[in-house]
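Only one structure is covered here, and it is reproduced in the block below.
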Amino acid sequence: MNSSILKSVSKPGRYCGGEYGQIVKDKANINCRVAFCFPDTYEIGMSNLGLRILYGVLNREPDVWCERVFAPWLDMQEQMQKYALPLCALESGDPVGDFDFVAFTLQYELCYTTVLNMLSLAGIPLLASERGEDAPLVIGGGHCAYNPEPVADFFDIFSIGEGEEALPELMRLYISMKQDGSYTRAAFLHEVAKLEGFYVPSLYAVDYNPDGTLASITPKYDDIPKKVRKRIIRDLDKVFYPTSTYLPFIETVQDKMVLEVYRGCIRGCRFCQAGMVCRPVREKTVDKLFDDAKCMYKNFGYDEMTLSSLSISDYSQIDALTDRFAAWATEHHISLSLPSLRLDSFTRELMDKVSTVKTGSLTFAPEAGTQRLRDAINKNVCEADLLRAVNVAYDVGKTAVKLYFMNGLPTETDEDIEGIALLAKRVIEEYYQNPNTDKKKRPSVTISVACFVPKPFTPFQWERQNTFEELMRKQELLKSKITDRKIVYNYHDASVSYLEAVFARGDRRLAKALLLANARGFKFDAWTECFSLERWQEVFRDAGVDADFYATRGFGLDEVLPWDMIDCGVTKEFLLRERERAYAAKTTPNCREQCSGCGANRLGGERAVCPNAAKYPPEEPTVLPRKMIPD
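So, in structure tokens, the structure goes:
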């Protein structure tokens, strides 16, 4: 990169490359090159664990070279346009358009415009149908790939599920077909569609009903599956983990060691997509985790380590793990962080063993203001759990607590909204009733309220999102009920949540809007300074797209859903049962207490934590009319 250009942009370290730990290979020995693209800035992408894992996995293949690509910030894009510079990879500095594969991790729906922006900067045709034989193959993965349809026209391939084994398999197929002379773009894509865990959208036909709903999603060939089953890693102890990797030149969002403890979740919160699509639970052993931690400390030298999972306190060996780590972390002056503690498992013992819990801020997620609504969403915590947890914090001198909630949840009433304010007030009152608190100090409670977004593969995937006006009214209602100045109220922008819902539940017809948005320069929609709902409303209108059709319309229980060709392991029958229980405000026990027959145990093998699966059904399941369960 020209030094004069770097001097004219903020944070030039984003674009230099050459970091300690990066992987550089001899091009003469390479048969497949992968540009792994993160559709956000360097600081965010460099902190992404999935990128680190797949970067290491692919580069273990001796004839494959995977390089990193991040989205240039606005000032750099101005310089690239001024000097006609293409988007390039960090390691080699080569144009992204020269690679064999251009892979995007899709973590958030509002990154879609940045994906198209990066393809444009690379000079790659946006539409997969317009790419020639020599153009890179564009592949997507991540949580958003569980409904790939809004961006299906722009991708050649989607990787569904976990990629540590799937992506090297894909590269080996590519190299093999290139070497034996059987490769053409069409022939390769056809073979990819036969592999487990890969969805090739161009090989599936989509038809619509007169009312605009989906009529069918069907494969164009008999030898490719009607449903694409996700790939998972069965034994996490045996899979690659990046105990040594690249280190950033500039400060990133998470400058710390990240140790993945397990995958999946036993809880089954009905609004949570990750808790469903990441099933079944698979754990690493304490010995493996401790060995990885020691290697990471030796190679990185960070003084903080976070133990990562969807709910760390649900790790079956959490006491053994924290006991093993406590002395070692103290000896090496390492702070341990447990970022996903649940109310019902937060204890004084954990606070004593985990230093950053003692010194940092404490955040809990009741999610709803009343017990009825907490039961409806299957949160499986109660007010007593919250008050017990905050008293543990107060006992050791803490005065500030953060609470996370949602509004717009299915079955929500104004009483549930008002309950958020009452719950925050009770947490303040608890401080003054606790005999161990310093009454001269001023306690505080910060409540943050997000807007509910219905997501694929959840029991609430059929639900409508509240309109923008409804969400705003609820936000103002809660604001009016907070009268104590010791309570701070923050809430998410409802307009951002609306757009997230549109793309979370959309289909291929949204491609028209995305193409138009790209033509009008949209990018970085996840950033406040770049997002504008008004501009998006203009795009939807000009593209002839009814955004409300996807966001604020309830989907029929017998309706074909845009993601019905994906098999995430959890069955639609289970999701329908859970939806019915939500409307009855009935909870479902977690997976260790009782199997609810979600279906994910068939994917996990012996290391899956589904101990009660053979005992299902624990009670007679609800019998649903056949018409409610589309094929």
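Residue 624 in our numbering sits at position 624 of the sequence shown, and the numbers go up by one each step. From the three backbone atoms N, C-alpha and C, an ideal C-beta is built for every residue, glycine too. All figures in this text were calculated on a predicted structure; none of them were measured in a lab.
First and last residue of the uninterrupted alpha helix (DSSP H) at Glu429: Residues Asp414 to Gln433.
Buried/exposed call for Val545, threshold 16 Cβ in 10 Å: Burial call: buried.
Cβ pair Trp462, Leu499 closer than 7 Å: Not a contact, by the Cβ cut-off of 7 Å.
Close Cβ partners of Lys358 (< 8 Å) along its chain, the five nearest in sequence each way excluded: A caution first: Lys358 carries a pLDDT of 47, below 50, which makes its placement in the model too unreliable to give a value.
Cut-off 6 Å between Cβ atoms - residues of its own chain near Lys481, not counting five sequence neighbours on either side: Correct list, in chain order: Glu418 and Ala421.
Distance between Leu214 and Asp558 (C-alpha atoms, nearest Å): Taking the Cα positions, Asp558 is about 11 Å away from Leu214.
Inter-residue Cα distance where the pair is Ala152 and Asp507: Answer to the nearest angstrom: the Cα atoms are 8 Å apart.
Bridge-paired residues (DSSP) for Met305: According to DSSP, Met305 bridges with Met257 and Leu336.
Residue burial classification, Asp567 (beta-carbon count within 10 angstroms, cutoff 16): Asp567 is buried by the Cβ-count criterion.
Contacts around Val539, its chain only, beta-carbon distance under 6 Å, and the 5 residues preceding and following it disregarded: Close CB contacts of Val539 within its chain, under the 6 Å cut and outside five residues either way in sequence, are with Ala513, Leu516 and Ala517 (chain order).
Cβ separation of Tyr262 and Ser309, assumed to be a contact under 8 Å, to the nearest whole Å: Taking the Cβ atoms as the reference, Tyr262 lies roughly 5 Å from Ser309, within the contact range of under 8 Å.
Contact set for Leu51: own chain, Cβ-Cβ below 8 Å, skip 5 residues either direction: For Leu51, where only same-chain residues beyond five positions count, the Cβ hits under 8 Å are Phe36, Phe38, Gly45, Arg68 and Thr105.
Per-residue DSSP class, three states only, for Val138: In the structure shown, Val138 sits in a strand (DSSP, three-state: E or B).
Backbone CA spacing between Asp287 and Ala205 [nearest angstrom]: Answer to the nearest angstrom: the Cα atoms are 48 Å apart.
Spatial distance of Glu331 from Asp303 (CA atoms): Glu331 and Asp303 have their C-alpha atoms some 11 Å from each other.
Cβ neighbour criterion (16 or more within 10 Å) applied to Val390: Answer is buried; the Cβ neighbour count reaches 16.
Alpha-carbon to alpha-carbon, Leu58 and Pro168: Inter-residue distance for Pro168 and Leu58 is about 6 Å (C-alpha atoms, whole angstroms).
Cβ-based burial, Thr622 [other Cβ within 10 Å; buried from 16]: Low local confidence applies: a pLDDT of 39 at Thr622 is under 50, so the model's placement there is unreliable, and no value is given.
Residue nearest to Leu603 in terms of C-alpha spacing, selected from Pro125, Arg231 and Arg14: Taking only the C-alpha atoms, the option nearest Leu603 is Arg231.
Run of the alpha helix (DSSP H) containing Arg579, from where it starts to where it stops: Lys572 to Tyr583 is the span of the alpha helix (DSSP H), which, as asked, contains Arg579.
Test item: CB-CB of Phe460 and Phe198 under 7 Å: No. Outside cutoff.
C-alpha distance - Gly142 paired with Tyr432, whole-angstrom precision: Gly142 and Tyr432 have their C-alpha atoms spaced approximately 46 Å apart.
Nonlocal neighbours in the same chain, by C-beta distance under 6 Å from Tyr20, ignoring five residues either side: Hits under 6 Å: Leu247.
Identified DSSP bridge partners for Ile175: Answer is none; Ile175 lacks a bridge partner.
Selected residue, minimal CA-CA separation from Ile447, among Lys440, Asn466, Val453 and Val427: Here the closest residue by C-alpha is Val427.
Beta-carbon spacing of Leu110, Ala526 below 7 Å: Inclusion of Leu110 and Ala526 in the CB contact set at 7 Å is warranted, their separation being smaller than that value.
Val560: first and last residue of the uninterrupted alpha helix (DSSP H) it sits in: Neither: Val560 is in no alpha helix (DSSP H) and is coded neither H nor E.
Opposing strand residues paired with Thr218 [DSSP bridges]: Its beta-bridge partners are Ala205.
Inside the region 94-169 only - beta strand (DSSP E) runs reaching at least 3 residues: Segments of the beta strand (DSSP E) lying fully in the region 94-169: 101-105, 137-141 and 157-159.
Residues near Thr370 in its chain [Cβ-Cβ closer than 7 Å; skip 5 each side]: Excluding positions up to five away in sequence, the list reads Glu415, Asp416 and Gly419.
The region 585-600 touching the region 170-180, judged by at least three CB pairs closer than 8 Å: Counting Cβ pairs under 8 Å, fewer than three are found: no touch.
Cβ neighbours of Glu191 in the same chain (closer than 8 Å, five flanking residues each side left out): Non-local beta-carbon contacts of Glu191 in its own chain, meaning distances under 8 Å to residues more than five positions away in sequence, involve Leu173 and Met177 in chain order.
Cut-off 7 Å between Cβ atoms - residues of its own chain near Glu620, not counting five sequence neighbours on either side: Low per-residue confidence applies at Glu620: pLDDT is 41, beneath 50, and the placement is therefore not dependable, though the value from the model is reported in the following sentence. Cβ neighbours of Glu620 beyond the five flanking positions: none.
Burial state of Thr218, where buried means 16 or more other Cβ atoms lie within 10 Å: Residue burial annotation: Thr218 is exposed, with fewer than 16 other C-beta atoms found within 10 angstroms of its C-beta.
Boundaries (first-last residue) of the beta strand (DSSP E) holding Ala450: Counting along the chain, the unbroken beta strand (DSSP E) around Ala450 starts and ends at Ser444 to Cys451.
Burial state of Ala187 (16 or more Cβ within 10 Å): Answer is exposed; the Cβ neighbour count stays below 16.
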